[in-house]
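A quick write-up on the structure given underneath.
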Amino acid sequence: MPDFTYQGLASRVVFGRGTISALKREVEALGCRRVLVVSTSQQTADADRVKARLGDLHAATFSGAAMHTPTDVTARVLELVQEQAIDGVVAIGGGSSIGLSKAIALHTDLPQLVVPTTYAGSEMTPILGQTENGVKTTQRTLRVLPETVVYDVELTLTLPPLMSVASGLNALAHAAEALYAQDCNPIVSLMASEGITALYDSLPRIKSDPADLDARASALYGSWLCGICLASTSMGLHHKLCHTLGGTLNLPHAETHAVVLPHALAYNTPAVTDALKIMERALGGGDVPAKLYDMTKSSGATVALKDLGMAESDIPVVVQAVMSKPYANPVPLSAGAIEKLLRNAWGGVRPDQSNSPHA
Ligand code: NAD
């Protein structure tokens, strides 16, 4: 085994069913007395449930969180934070609500308690992506890492099945890329393997029965582990491609990850033998990119970027954007191979030897 360094990230995690009942106690433990609740406009009912749990600790609610954390939304909520003398934030929702909470913490250092309701994994990372004038930038700083995470499996029951599959594949992608990251280590590998196993097993079960609490628990547990993988390593081609597709073409976050993952893995296959062995074990054997593609398709989630609103003429634009910012990836980036990858992902073809980006 090689020498390695593992940096643990300090957050308190409460995991289970009905754990939202611990919310007030957990907020009090953070020393907060005037709490701001944040959510998206689609989750005002969840925000109201949090408000009811907080009782007299609730000071205000802001339900305007949006995908990719627009800075003008953050500016509005910061005014509210000041007006209401807020001393802590509770975010309920997916990466959009948690992103807004992190942006508030970046500006104010207020403590955060987050209640994730998707599998995106943002709650576990010191990463914040923000959008200003259509340009998304990402930073890593411990200032944005939430102090407490309350995972309540019951709150994920309302996440629609197709969104659940896409969101779970977004999480799985964090673990897949961590396994071949230059800064991976045996501890992260353990979490990646366990996270992939949990998600690959549970997502088809959620698709067939969205009310299956055991499957929901397994997916949420897997997404927690995969979030730590994202937090602990540097991501490669898959995440950069999705970042570019989301930032440039405004494609939906989780669904884009779900479509691109098998193709990004096919691109990196020639250089990631050890990572693929771990993934193969987690998936119960077989060709990893093809198996992930098959699971996505049989779950009813989309497998083609064209179905997410991308035009074929966008392919060269994305290739150019990806090639303009070099970064580490197991297989060096080549414009021709990236274009083939994107054509496969755009058309929704099943990855195999005959359509390899390197063929
Ligand atoms: P999201 O938070 O935008 O949620 C998608 C939609 O589903 C929203 O309308 C939301 O209100 C709704 N929703 C969420 N949970 C629900 C539930 N249980 N029931 C019903 N509806 C529910 O989507 P996401 O994929 O979780 O997050 C995407 C955002 O998070 C992007 O901006 C992405 O860049 C960011 N992200 C950041 C990190 C990080 O580490 N910084 C990691 C992953 C994602």
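All the letters of the sequence shown, read from the start, carry residue numbers 99 to 457 under the numbering used here. Note that beta-carbon positions come from the ideal geometry of N, C-alpha and C, so glycine has one too. Please read these numbers as outputs of a predicted model, since none were measured by experiment.
Query                                                                                                                   : Result
His156 - DSSP class collapsed to helix/strand/coil                                                                      : strand
Reference Pro360, options Asn348, Thr400, Val212 and Glu410, closest by Cα                                              : Thr400
Neighbourhood of Gly446 by C-beta distance below 6 Å, restricted to the same chain and skipping five residues each side : Val401 and Ala402
Met393 versus Phe113 - alpha carbon distance                                                                            : 27 Å
Pro214 (DSSP reduced to helix, strand or coil)                                                                          : strand
Closest Cα partner of Val263 within the set Ser432, His351 and Ala145                                                   : His351
Met421 versus Thr342: straight-line alpha-carbon distance, rounded                                                      : 11 Å
His355, buried or exposed, once every other Cβ within 10 Å from all chains shown has been counted against 16            : buried
Between the CA atoms of Leu311 and Thr179 - distance to the nearest angstrom                                            : The displayed chain sequence assigns Val, not Thr, to residue 179. Taking the straight line from one Cα to the other gives about 36 Å.
Own chain partners of Gly320 with C-beta closer than 6 Å, once the 5 adjacent residues on each side are dropped         : Gly293, Ala296 and Leu297
Inter-residue spacing [alpha-carbon to alpha-carbon] between Ser316 and Leu211                                          : 22 Å
7 Å Cβ cutoff met for Ala443 and Val370                                                                                 : no
Local conformation of Thr254 per DSSP, three classes                                                                    : helix
Cβ-heavy atom distance, Gly114 to ligand 1, below 6 Å                                                                   : no
Secondary structure of Ile118, DSSP reduced to three states                                                             : helix
C-alpha distance - Ser195 paired with Ile326, whole-angstrom precision                                                  : 19 Å
contact_flag[the segment 199-213, the segment 242-256] where n(CB pairs < 8 Å) is 3 or more                             : yes
Where Gly384 falls, given that 16 or more other Cβ within 10 Å makes a residue buried                                   : exposed
Closer than 6 Å: Leu347 CB and nearest ligand 1 heavy atom                                                              : no
Met333 to Ala276 span [Cα, whole Å]                                                                                     : 7 Å
Straight-line gap, Pro224 to Gly106 (C-alpha atoms, nearest Å)                                                          : 12 Å
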